[in-house]
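Input: a single structure, listed below in structure tokens.
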Amino acid sequence: MGRAVAVATCALNQWALDFEGNLQRIFRSIDIAKSKGARYRLGPELEICGYGCSDHYYESDTLLHSFQVLEKLLESPISQDIICDVGMPVLHKNVRYNCRVIFLNKKILLIRPKISLANAGNYRELRWFTPWSKARHVEEYFLPRIIQEVTGQETVPFGDAVLATEDTCLGSEICEELWAPNSPHIEMGLDGVEIFTNSSGSHHVLRKAHARVDLVNSATAKNGGIYILANQKGCDGDRLYYDGCAMISMNGETIAQGSQFSLDDVEVLVATLDLEDVRSYRAEISSRNLAASKVNPYPRVKVNFALSCPDDVAVPICMPIQWRHHSPEEEISLGPACWLWDYLRRSKQAGFFLPLSGGIDSSATACIVYSMCHQVCLAVKNGNADVLADARRIVNDETYIPEDPREFCKRVFTTCYMASENSSQDTCNRAKLLAEQIGSYHINLNIDVAVKAVVGIFSVVTGRTPRFSVCGGSSRESLALQNVQARIRMVLAYLFAQLTLWARGMPGGLLVLGSANVDESLRGYLTKYDCSSADINPIGGISKTDLKSFIQYCIENFQLTALRSIMSAPPTAELEPLVDGQVAQTDEADMGMTYAELSIYGKLRKIAKAGPYSMFCKLINIWKEICTPREVASKVKHFFRMYSVNRHKMTTLTPSYHAENYSPDDNRFDLRPFLYNTSWSWQFRCIEKQVNAL
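Using my numbering, the first residue of the sequence shown is number 1, and each one after it goes up by one.
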């Protein structure tokens, strides 16, 4: 009897509403799966339309075009003689569902709607879809005419069912269902399902990959079985980067691991596994077998097809492997770099423009672009024709081959040091040296003429001339003068991004990169509409602490020695006058808190859901060795005052790569007011009462 089953999963770089491109990538994945002998192919969640369609899911066009793509898939010779499992939205009885459509040889076997919808953090699936709440229930779904003409079917099963092939039984999970406390694979496994599939749209967060891997392996460790996970990869049109990691697991061990970060649009994993290993593993788990004898059975859709061959004794079986995790520094180097590449090639721009200040944040951003150039050259060297074609289009040279990251960087990356009378020679030298080492086209300019012109207009109109506080001015005057410098840098950044290539006799424009980190955004330590306002920001979801570790990683792995002096210098905005030619202003002194403290505040506020009082209660224990309760109270109050005063800045925050679960991104991840009563009178009174009691 057949026992060696060949199954395939994939990670696809799908793009929201790119039906043409999505179809071609699905075709390629099926073709690769078949060429490697697979009899079943699993794709990512909502792969036909792309996961990130958001409110486009409401549109009938999205449903129509998804079915049109499904029609192409059904009738193609490529999809014959293999069970194909694809994702798309489906309207059933006027209700929208997030579905898997499973078909074989021009016949739809089952439409399986998602049961548990993702609705936390970046996910809003309940806004667009309804969960299927009828457990182990199947209804008739009336197919659109364009599908009926291909399949010859009028209706197909729709609901919570499993597939029974000639040699095994398969059951589907969709993304969030793996993370749910009552995951379907538990009951399905007890009912004899041997192969579990999961199509995901799971995005990257620093240090998250191990959680996904552990969940997949634990799904089969207790119950036995084969678990196949597919995932989206790349930037499909917003702040998230979907990080692939397609995998196949059996009986609690990883069998196949896909890449987490790569520029390959299509990645397919195929494994041949022995069903008898599942059956023997389950045989001795008596608690599992007792529970299985009482389980409520799933409806089974019979499939006249086998995932194995009758005579397969000599077929080589895949063995377990050890999962390799990236370090956080590697994740920062690779994830945002891949996201930038997707954004660059899909926006059809000619490169990036970065105001490079010589500080840690803008230097880290520059290093990420340099890492992107490394990834492009490596992909081309490995024969990736798609990356080569994109690179040639971006540099406007049909014969170009990117081989040297520094040379490619010179073509696609422009950096600019925007000096003022408050800038030090040290930061200017650091920016210039780093630009030389990564190969960017570097510009030095001075903004003093523009600053004086703007302030001069104010003086002419009002008859008053503002001064810095060190020159006798008020804090209001000083802050306004700092903001003028910052905002002029933003205006100049966009001017040079639009016209630098024109001035050099080259076509196209540049995307402006921002470089405010997640902690500065949380505290609001940035000028609204300064050069942190940009097209995109690759470090906007990354903490200062992690960026420092990343800089050290770049020193060691990219041999960027210019970063050593950048690492050792105290972070500064350089917006106030120098004292004896030296920088007197520092970020942490301005903020009234350290970056390390900011990371703690951010995690407690967002991840631990702590308001002022709860944060105080937690910190008097966390900091009991270093702070008195009164000092803790003072720190918490200062943070919440500054956070709430500056929260309005989050409404205009540059779209940033999402990497931290304490991100203050106002767009959809961190939904809060932006006009607060900044006195927090009731909350602070509760803190004071507790301080006095202590």
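By construction, the Cβ of each residue, glycine as well, lies at the ideal position given by its N, Cα and C atoms.
1) Taking Tyr441 as the reference, give the member of Ser568, Val380 and Val369 with the closest Cα.
2) Run the CB neighbour count on Lys606, radius 10 Å, all protein chains shown included, and call it buried at 16 or more, exposed below.
3) Could you check what DSSP says for Cys695 in three-state terms: helix, strand or coil?
4) For Lys267, list the residues DSSP reports as bridge partners.
5) Where does Lys606 fall in DSSP's three states?
6) If you follow the beta strand (DSSP E) that Ala314 is part of, which residue opens it and which one closes it?
7) Does the distance from the C-beta atom of Gly524 to that of Val645 stay below 8 Å?
8) Can you tell me the Cα-Cα spacing of Val484 and Val491, whole angstroms?
9) Just confirm the distance between the C-beta atoms of Gly21 and Leu46, as a whole number of angstroms; I'd bet it's less than 8 Å.
10) What residue does the beta strand (DSSP E) around Gly703 start on, and which one ends it?
11) Short of 7 Å in beta carbon distance, which residues of its chain neighbour Arg136, apart from the five on each side in sequence? Order them along the chain.
12) Between Ser259 and the rest of its own chain, which residues show a CB-CB distance below 8 Å, the 5 nearest in sequence each way excluded?
13) List the whole-angstrom C-beta distance separating Lys618 from Ala633, where the pair is believed to meet the contact cut-off of C-beta under 8 Å.
14) Alpha carbon to alpha carbon, how far is Tyr227 from Thr654? Give it in angstroms, no decimals.
15) Just to confirm, are His658 and His325 a CB contact at a threshold of 8 Å?
16) Do you know how far the Cα of Phe468 is from the Cα of Leu479?
17) From the DSSP output, in three-state form, read off Gly189 for me.
18) To which residues does DSSP link Ser200 through a beta bridge?
19) Mind listing, in chain order, the continuous alpha helix (DSSP H) runs of no fewer than 4 residues lying wholly within the stretch 269-357?
20) Where does Thr155 fall in DSSP's three states?
21) Figure out for me which residue from Val95, Cys554, Asn289 and Pro405 has the closest Cα to the Cα of Arg127.
22) Contact check, Val376 vs Phe353 under 8 Å by CB: the rounded distance?
23) Need the endpoints of the alpha helix (DSSP H) that Gly21 sits in, please.
24) Please report the Cβ distance between Ile360 and Cys318, rounded to the nearest whole angstrom; I am assuming they are in contact, meaning their Cβ atoms lie under 8 Å.
25) Helix, strand or coil for Ile56, going by three-state DSSP, please let me know.
26) Counting Cβ pairs, one atom from each stretch, are 3 or more of them under 8 Å apart for the stretch 508-519 and the stretch 341-355?
27) Report the partner residues of Pro144 according to the DSSP bridge assignment.
28) Does DSSP put Lys635 in a helix, in a strand, or in coil?
29) Alpha carbon to alpha carbon, how far is Arg411 from Cys338?
30) Identify which residue in Phe640, Tyr123 and Phe684 has its Cα closest to the Cα of Leu675.
31) By the three-class DSSP mapping on this structure, what secondary structure does Asn98 have?
32) Flag this pair as touching only if the stretch 170-188 and the stretch 115-132 have three or more C-beta atom pairs under 8 Å; answer yes or no.
33) Out of Trp132, Ser327, Phe27 and Leu307, state which residue places its alpha-carbon closest to the alpha-carbon of His210.
34) Note down the Cα distance separating Pro466 from Ala385, rounded to an integer number of angstroms.
35) So, helix, strand or coil for His695, using DSSP?
36) Measure the alpha-carbon distance for Tyr281 versus Ile32 and round it to whole angstroms.
The answer reads as follows:
1) Val369
2) buried
3) What the structure shows of the chain is the stretch from 1 to 694, and residue 695 is not part of that stretch, so it cannot be assessed.
4) At residue 267 the sequence reads Glu, which differs from the Lys that was named. Note: Glu267 sits in a beta bridge opposite Ala11.
5) helix
6) Ala314 -> no beta strand (DSSP E), and no H or E assigned at all.
7) yes
8) 11 Å
9) Rounded, the Cβ-Cβ distance is 14 Å, inconsistent with contact.
10) In the structure as shown, the chain begins at 1 and stops at 694. Residue 703 is therefore absent and cannot be evaluated.
11) Asp160, Asn296, Tyr298 and Pro299
12) Ala11, Gly244, Cys245 and Glu267
13) That pair is no contact at about 13 Å.
14) 39 Å
15) no
16) 8 Å
17) helix
18) Asn231
19) 275-283, 286-292 and 328-347
20) strand
21) Val95
22) Not a contact, Cβ separation roughly 18 Å.
23) Phe19 to Ser35
24) At roughly 44 Å, the Cβ-Cβ gap does not stay under 8 Å, so Ile360 and Cys318 are not in contact.
25) For the sequence presented, residue 56 should be read as His rather than Ile. Note: His56 maps to helix in three-state DSSP.
26) yes
27) Pro144 is not bridged to any residue.
28) helix
29) 18 Å
30) Phe640
31) strand
32) yes
33) Ser327
34) 58 Å
35) Only positions 1 to 694 of the chain appear in the structure, and residue 695 is not among them; the question remains open.
36) 31 Å
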